[in-house]
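All remarks here apply to the structure that follows.
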Amino acid sequence: MAEQRVALGEIVATHGLDGWLKFNPYNLDGDTLAPGLQIYLETSTGQAIHEIESSKPHKNQLLVKLRGIDHIDATKPVIGAILEVDSAALPELEPGQYYHYEVIGFDVVDRDGHRIGKLTATITTAAGDLYVVQGADKEHLIPAVKEMVDRVDFEGQKIIVDLPDGLLDL
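Residue numbers for the sequence shown, in the numbering used here: 65 to 234.
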């Protein structure tokens, strides 16, 4: 069975003349892009497999160097690509922790069991992560914080939330 791939972010620009790329990670706390890691770049024209030569922090981004790409001209085809890795390449988490990709598609319900919608995506912001929940009539943004996420039920594939009054009216 093929390994599930996880999107880590987007290649957004070149950096310098020596083949470095600016990478916008979906999770700034991640440190997955170690030298030797095999990655997949999804572009509008297809997929390419590369290996990380080096990466380093740069402002709110990462700079990434791919093995064998040593000049700015060779980087241009991957600008705009989504960078993915096999899920097995992700670091092990502590008990009770999970990766956001693992809960995409889960139903989101309140403590009384009323369905709010389906989790379709997460958005990482400077203030924290937001769950994008598609309800029957509109899309809701729910902060992914322990004060609002009561429990994640992996067996039942649902997220139980305890939201303040009025949040779903925004």
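The C-beta atom is built at its ideal place from N, Cα and C for all residues, glycine as well.
| Query | Result |
| --- | --- |
| What is the residue span of the alpha helix (DSSP H) that Thr139 lies within? | Ile136 to Thr139 |
| Based on DSSP bridge pairs, tell me the residues matched to Val70. | Val149 |
| Just to confirm before moving on: does the CB-CB distance between Ile103 and Val142 stay below 7 Å? | no |
| Which residue marks the beginning of the beta strand (DSSP E) containing His204, and which one marks its end? | Glu203 to Pro207 |
| Can you give the Cα-Cα distance for Tyr165 and Glu158, rounded to whole angstroms? | 16 Å |
| Tell me which same chain residues have a C-beta within less than 7 Å of the C-beta of Ser118, skipping the five on either side of it? | Pro99 and Lys129 |
| On a CA-only basis, which of Asp214, Glu211, Ile223 and Arg175 is nearest Val196? Give me that one, please. | Ile223 |
| Exposed or buried, Val172, counting other C-beta atoms within 10 Å across all chains shown (16 or more means buried)? | buried |
| I'd like to confirm the pairing. Which residues does DSSP put opposite Ala112 in its beta bridges? | Leu105 |
| Classify Thr287 as buried or exposed, calling it buried when 16 or more other Cβ atoms lie within 10 Å of its own Cβ. | Outside the shown range of the chain (65 to 234) lies residue 287, about which nothing can therefore be said. |
| Relative to the C-alpha of Glu67, which residue among Ile136, Leu227, Leu85 and Leu154 is closest? | Leu154 |
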